[in-house]
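Here is the structure we will look at.
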Amino acid sequence: KAGVTQTPRYLIKTRGQQVTLSCSPISGHRSVSWYQQTPGQGLQFLFEYFSETQRNKGNFPGRFSGRQFSNSRSEMNVSTLELGDSALYLCASSFTGHTEAFFGQGTRLTVV
Amino acid sequence: GENVEQHPSTLSVQEGDSAVIKCTYSDSASNYFPWYKQELGKGPQLIIDIRSNVGEKKDQRIAVTLNKTAKHFSLHITETQPEDSAVYFCAASYHDYKLSFGAGTTVTVRA
Chain A
140 KAGVTQTPRY LIKTRGQQVT LSCSPISGHR SVSWYQQTPG QGLQFLFEYF
190 SETQRNKGNF PGRFSGRQFS NSRSEMNVST LELGDSALYL CASSFTGHTE
240 AFFGQGTRLT VV
Chain B
152 GENVEQHPST LSVQEGDSAV IKCTYSDSAS NYFPWYKQEL GKGPQLIIDI
202 RSNVGEKKDQ RIAVTLNKTA KHFSLHITET QPEDSAVYFC AASYHDYKLS
252 FGAGTTVTVR A
């Protein structure tokens, strides 16, 4: 059974640009969550989607947005990139959001 | 919101010894407590979890205990091996579809 797949694995962007990250959940999982991981702030919740609806959102500015498609695949977008957005972005999937969550390998974003 | 504190931040143990990591949480409504292991360059891997209706759960060399009254839970690794070296995260969750993580514990197993 395939795990959570995140693409791309690495990205380098310039300040002011925007970026889109993709996450394909485990087959059958309908909940997808996104987390930002940095050395200073640790793992912080961005948002969670279930059946194409955002059910919860963390304390991040509006530059961070996401969506989920009918096949449960999800994307997150960061607009007007800042140096502080450099981080490992992790996606996790679970059946319903109340069950075990499994993480992908993450996308390492570097903003220069 | 939920606040999870994790101790210690680093832990060095001799191979074969036990390792214990402790976490406390602030929201008494939290009812799900997973533990993740993260190796360098990889995403967090779920290693064990416990729900609030259970006091202890064991899986081979790994066990987790939960004290709801004191709002703390612990991870116990027995007979540690070099492959147990990693960063371990505890987390807590309520019915809000998000995990609140501790800051992590870097475990080093000395051969």
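In order, the protein sequence lines correspond to chains A and B.
Take the first sequence: its letters are residues 140 to 251, numbered as in this note's numbering.
Take the second sequence: its letters are residues 152 to 262, numbered as in this note's numbering.
Every residue gets a Cβ at the ideal spot worked out from N, C-alpha and C, and that includes glycine.
Note that the structure is predicted; figures quoted are calculated from it, not measured.
**Request:** Just the C-alpha distance for I198/B and P185/B, rounded to the nearest angstrom, thanks.
**Result:** 8 Å
**Request:** Go through its chain and collect everything with a Cβ distance to I151/A's Cβ below 7 Å, but skip five positions before and after it.
**Result:** T249 and V251
**Contact belief for T175/B with H246/B at Cβ below 8 Å, rounded distance in angstroms** = That pair is no contact at about 20 Å.
**Request:** Give the DSSP-derived three-state secondary structure of D200/B in the structure shown.
**Result:** strand
**Asked** Among residues of its own chain, excluding the 5 on either side of T146/A, which ones have a beta-carbon nearer than 6 Å to its beta-carbon?
**Response** S161
**Prompt:** Exposed or buried, Q176/A, counting other C-beta atoms within 10 Å across all chains shown (16 or more means buried)?
**Reply:** By the 10 Å Cβ count, Q176/A comes out buried.
**Prompt:** For the beta strand (DSSP E) that R206/A lies in, which residues bound it at each end?
**Reply:** F203 to Q207
**Request:** Please confirm if G197/A has its CB atom under 9 Å from at least one CB of chain B.
**Result:** yes
**Request:** Name, please, each residue of chain A whose Cβ falls closer than 7 Å to the Cβ of S247/B.
**Result:** Here the sequence assigns Asp to residue 247/B, which means Ser is not the residue at that position. Ordered by position in chain A, the residues that pass the 7 Å Cβ test against D247/B are N195.
**Message:** Against chain B, does F234/A count as a neighbour if the rule is that its beta carbon must be under 9 Å from one of theirs?
**Reply:** no
**Prompt:** Can you find a C-beta in chain B that's less than 9 Å from the C-beta of G181/A?
**Reply:** yes
**Request:** Provide the residue(s) that pair with E230/B in DSSP beta bridges, ordered along the chain.
**Result:** DSSP, once it has assigned bridges, lists no residue as partnering E230/B.
**For R202/B, the nearest candidate out of A243/B, R212/B, V238/B and Q165/B (CA to CA)** = A243/B
**Prompt:** According to the Cβ coordinates, are F186/A and M215/A closer than 9 Å?
**Reply:** yes
**Prompt:** At what residues does the beta strand (DSSP E) containing E261/B begin and finish?
**Reply:** Per the sequence shown, the amino acid found at residue 261/B is Arg instead of Glu. Segment T256 to R261, the beta strand (DSSP E) holding R261/B.
**Prompt:** Given H227/B, which residues of its chain have a CB within under 6 Å of its CB, disregarding the five upstream and five downstream residues?
**Reply:** V171 and A214
**chain A contact residues for D178/B, given Cβ-Cβ distances below 8 Å** = Counting only Cβ-Cβ distances below 8 Å, D178/B has no contacts in chain A at all, with the closest Cβ about 14 Å away.
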